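First comes the structure, then the notes that go with it.
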Amino acid sequence: MVFILKPNAAKEKIDKFIADWEQKGFSTIYSVGTEHTAVCLIGNTAEIDLDHVVNTTDIVDYGKRITEQYKAVNRTVHEDNTIINVGCASIGGGFFTVMAGPCSVESREQITEIAHSVKKSGAKILRGGAFKPRTSPYAFQGKQAEGLDMLRIAKQETELPLVSEIMNQTQIELFEDIDIVQIGARNMQNFDLLKEVGKLKKPVLLKRGLANTIEELLMSAEYIVSSGNDQVILCERGIRTFETMTRNTLDLAAVALLKQKSHLPVIVDPSHASGIRSLVPPLAKAAMAVGADGLIIEAHNNPAKALCDGAQSLDLEQFHSLMEELRKRAVIESKIF
Ligand code: PEP
Ligand code: MN
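All the letters of the sequence shown, read from the start, carry residue numbers 0 to 336 under numbering that gives the first Met the number 0.
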């Protein structure tokens with residue numbers, strides 16, 4: 000249930016209103032937006048007589064029931080777009096932000112060469128997996144802690160903020176210098192991990208699970224935000240369907256719907272969504288057209304030799320050309336690129 004407050008509501012009265020509900024056992028979310036200020040109640044609100052509250056509380060303009068299970072990430076509760084700032088980059092609002100880099104960090108030379116190149120092309124954040132969730136236990140599992148060290152060096156050289164995937168909560172300390180903690184598709188419903196990253200004071204990139212609904216993605220984001228961390232970036236990275244000619248099926252409707260239902264920024268991963276290098280540019284452009292706040296793209300200095308996901312990785316020139324095209328389109332979409 001959300002109460003929209005009158006524009007002139009005094010802060011002391013708002014504080015008392017919130018305290019009264021909390022005393023009755025409800026949790027509250029207080030949200031100050033550009034259009035209005037709202038107080039959302041979380042708990043069993045079925046018994047509350049909405050009209051009675053509106054008629055007997057002079058600071059309340061109107062109230063409405065929120066039927067969705069997600070509250071903190073719900074746009075009804077928080078009308079303005081959340082904008083997440085990382086170093087010099089911003090994600091959400093009017094920005095279109097591209098994160099790029101290899102699927103996996105392979106060597107210091109590899110990651111620094113890629114970092115310099117994607118930065119020149121306009122990427123604002125460097126991606127690179129150090130801990131890799133692989134289907135086969137015999138496949139390359141990532142450079143692990145050493146990979147994080149290599150990322151750190153690339154950051155020192157380029158000043159690009161870093162995004163890298165965490166696999167479980169025991170790794171949290173290792174991620175101190177990683178600017179955005181990525182929760183991969185396979186961990187989207189690892190609720191213990193979601194609660195732990197919810198205690199961090201840094202952004203979390205939450206990827207949609209391979210076979211998870213839009214609502215489940217929002218509920219996973221709700222875990223993080225309700226644990227205290229409101230810096231969540233949602234990522235549509237394709238879902239499993241009956242189609243076999245692409246690695247996954249990019250759900251563009253999800254992007255548009257997520258933007259309507261939630262105030263959180265939404266980015267698209269056209270690399271994992273397609274699994275095919277030649278599809279990455281058209282899907283990236285489609286993502287921008289449908290209203291995404293940015294992209295996460297796999298780019299490699301030698302895709303043919305990549306230890307992971309080479310077939311879907313752009314080489315550095317291809318990445319550069321794509322960025323040129325996106326830059327032109329960003330003008331039409333009124334996005335800050
Ligand atoms: C990745 O970003 O390299 C990755 C493993 O992505 P996902 O979790 O979406 O499969
Ligand atoms: Mn990958």
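All residues carry an ideal CB built from backbone N, CA and C; glycine is no exception. Small disclaimer: the values here were computed from a predicted structure and weren't measured.
Proximity of residue i and residue j at Cβ, strictly below 8 angstroms
i	j	result
R236	A184	yes
M166	F130	yes
L150	G127	yes
V180	K201	yes
I295	L263	no
L40	W20	yes
V31	F16	no
I266	D292	yes
S351	D308	Outside the modelled stretch of the chain, which goes from 0 to 336, sits residue 351, for which no answer is possible.
L251	I213	no
Q230	L192	no
V117	F318	yes
G62	V1	yes
G121	R326	yes
R207	I238	yes
H360	E78	Examination of residue 360 is not possible in this model, given that the chain is present from 0 through 336 alone.
V279	L313	yes
L147	I113	no
P101	E297	yes
E245	I275	Note on residue identity: the sequence assigns Thr, not Glu, to residue 245. Contact flag set, yes.
I47	R107	no
Exposure of residue i, with buried meaning 16 or more beta-carbon neighbours within 10 Å
i	result
A303	exposed
T75	buried
K10	exposed
A99	buried
K119	exposed
A88	buried
S225	buried
C-alpha distance - residue i paired with residue j, whole-angstrom precision
i	j	result
M322	V53	51 angstroms
Q259	V104	35 angstroms
V85	N247	29 angstroms
V398	E164	Absent from the structure is residue 398, since the part of the chain shown begins at 0 and ends at 336.
G227	E316	41 angstroms
I65	S273	35 angstroms
I223	K154	26 angstroms
L205	N73	16 angstroms
L282	A288	10 angstroms
F25	F190	22 angstroms
N7	I58	8 angstroms
R23	A210	Sequence check: residue 23 is Lys here, not Arg. Each residue's alpha carbon lies about 39 angstroms from the other.
A220	Q68	12 angstroms
H299	L199	30 angstroms
L49	Q188	34 angstroms
Q311	T111	20 angstroms
P363	F95	As shown, the chain starts at 0 and ends at 336. That puts residue 363 outside it, with no answer to give.
L217	T27	19 angstroms
E172	I124	21 angstroms
V254	E156	34 angstroms
P132	T56	53 angstroms
N301	E145	21 angstroms
K12	Q109	58 angstroms
E215	H115	37 angstroms
F336	A329	6 angstroms
G42	A18	15 angstroms
N186	G290	25 angstroms
K70	D60	20 angstroms
K142	T134	16 angstroms
V337	S333	Outside the displayed range of the chain (0 to 336) lies residue 337, so it cannot be described from this structure.
Any non-hydrogen atom of the ligand MN closer than 7 angstroms to residue i Cβ
i	result
D314	no
Near the ligand PEP: residue i beta-carbon under 7 angstroms from a heavy atom
i	result
D60	no
G183	yes
D268	yes
H271	yes
E164	yes
R236	yes
P302	no
K206	yes
P132	yes
G100	no
G146	no
G93	no
G227	no
G141	no
G128	yes
Give every residue whose Cβ lies closer than 5 angstroms to any heavy atom of the ligand MN, listed in chain order. Summarising the contact set, residues whose Cβ lies nearer than 5 angstroms to any heavy atom of the ligand MN are, in chain order, C102, D308.
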